[in-house]
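Basically our numbering = 1-based index in the sequence shown + 571.
Here's the structure, in C-alpha cells; my notes come after.
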Amino acid sequence: MVTSPWLYVSVFAIGTIIGSFLNVCIYRLPKGQSIIRPGSTCPACSRPIPWFDNIPLVSFLLLGGRCRQCHFPISLRYPLVELINGVGYLAILWQFGWTGASVVYAGFFSALVVITWIDFDHQIIPDVISLPGILLGLLAAATLLPIGFLSSVAGVVLGGGVLWALAAVSPYLFGKEGLGGGDIKFLAMIGAFLGWQQAFLTLMIASVVGALVGVSLILFKVMKRKQYIPFGPFLALGAVLTLFFHSNLLGWYFRAIW
Numbered sequence: 572m573v574t575s576p577w578l579y580v581s582v583f584a585i586g587t588i589i590g591s592f593l594n595v596c597i598y599r600l601p602k603g604q605s606i607i608r609p610g611s612t613c614p615a616c617s618r619p620i621p622w623f624d625n626i627p628l629v630s631f632l633l634l635g636g637r638c639r640q641c642h643f644p645i646s647l648r649y650p651l652v653e654l655i656n657g658v659g660y661l662a663i664l665w666q667f668g669w670t671g672a673s674v675v676y677a678g679f680f681s682a683l684v685v686i687t688w689i690d691f692d693h694q695i696i697p698d699v700i701s702l703p704g705i706l707l708g709l710l711a712a713a714t715l716l717p718i719g720f721l722s723s724v725a726g727v728v729l730g731g732g733v734l735w736a737l738a739a740v741s742p743y744l745f746g747k748e749g750l751g752g753g754d755i756k757f758l759a760m761i762g763a764f765l766g767w768q769q770a771f772l773t774l775m776i777a778s779v780v781g782a783l784v785g786v787s788l789i790l791f792k793v794m795k796r797k798q799y800i801p802f803g804p805f806l807a808l809g810a811v812l813t814l815f816f817h818s819n820l821l822g823w824y825f826r827a828i829w
C-alpha cells in the first residue's frame, strides 16, 4: 500500500490534467477533428484559451465558470470530467498500488470516461477507442495484468459474442434493434482488460441498472417507452464497479444462487 501523501497529490493532479485532454477528445472525436491541433478554443467566441486559463479545476473556479474573453458560461462538464478522472486515478492507486497494472487501469478508466460522455451526447461509441482498446487490453493482459492472456481472449469473445447474439435476436423479439455495434465492441474491449468473468459481471450490472433507470424515466415521464437510451454509460459503470469490487460482487452472486 502506498503511503506517501505527495504521491497521491501528484497522481490526482496528473489525472485532472489528463482529464482536461479527455474533454478535448469528447468534443472533437465525434466531429472527426484532430485532438492535437489546434489548441483549445472557446466554443462561443473561438478565441484561443491561454495556458493560465486552462489549468484543470483551478481556472474554472478563478474565472467563475465563464470565458475570460466573451464571458460565455463554461459547461460544468469540463471540471466534472477533470475531477472524475483525478478521483479515478486516486482510487486505482489506492486499490492496486504503484504498479504497471495501475497505469493500464488508469488508461482504461480514462477510455471509459470518454466513451460515456460521447455516448450520452451522440449515441455512438467511436471505433477509434474500442478497437485499439481491444488490442491494448490483450497486450496488457499478456504482460502486466493479473488476469492472464487466455482470460482476456475469453473476455473479448464472451463480451462481444453475447451482445452480438442479443443484437441479432432483438429485432425478432422486440421488433427493433436493441443494441448497436458500438456496444458490442465496447464490451469486447472491457473483456480484454478485465477477463471473461468480469465481462459477464459488467453486463449483468449494466443490464440491471439500465433497466431500473429506463423504467424510472418512463414512469416519471422523462422519456417515452420507445425512446432510445444509451447503453454505453451503463457498461462503463459496470466496468468500474467490476474493476474495484469484482471479488465481493462475484462472491455475493454465487452465494445468492447457491
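Note that the Cβ used here is the ideal one computed from N, Cα and C, for glycine as well.
T773 sits in a helix when the DSSP states are folded into three classes. Between F631 and G610, the alpha-carbon positions lie close to 18 Å from each other.
Using a Cβ distance threshold of 8 Å, P627 and G590 count as a contacting pair. Nearest in C-alpha terms to Y676, of all of G586, V784, V727, is G586. In this structure, I689 lies near P601, with their beta-carbon atoms less than 8 Å apart. Annotation: the continuous alpha helix (DSSP H) that includes N656 extends over 648–667. In terms of CA proximity to N819, Q769 leads the group Q769, F805, A759, F791. In this structure, L812 places its C-beta atom within 8 Å of the C-beta atom of I776. Put simply, of L790, K756, S673 the residue whose alpha carbon is nearest the alpha carbon of A711 is S673. Cα atoms of L765 and I718: separation of roughly 7 Å, rounded to the nearest angstrom. Proximity to L734 across L806, G822, L683 peaks at L806, based on C-alpha coordinates. Between the beta-carbon of A810 and that of W767 there is about 14 Å, and that puts the pair past the 8 Å contact cut. Ranking K795, I597, S787, V740 by CA distance to the CA of L651 puts I597 first.
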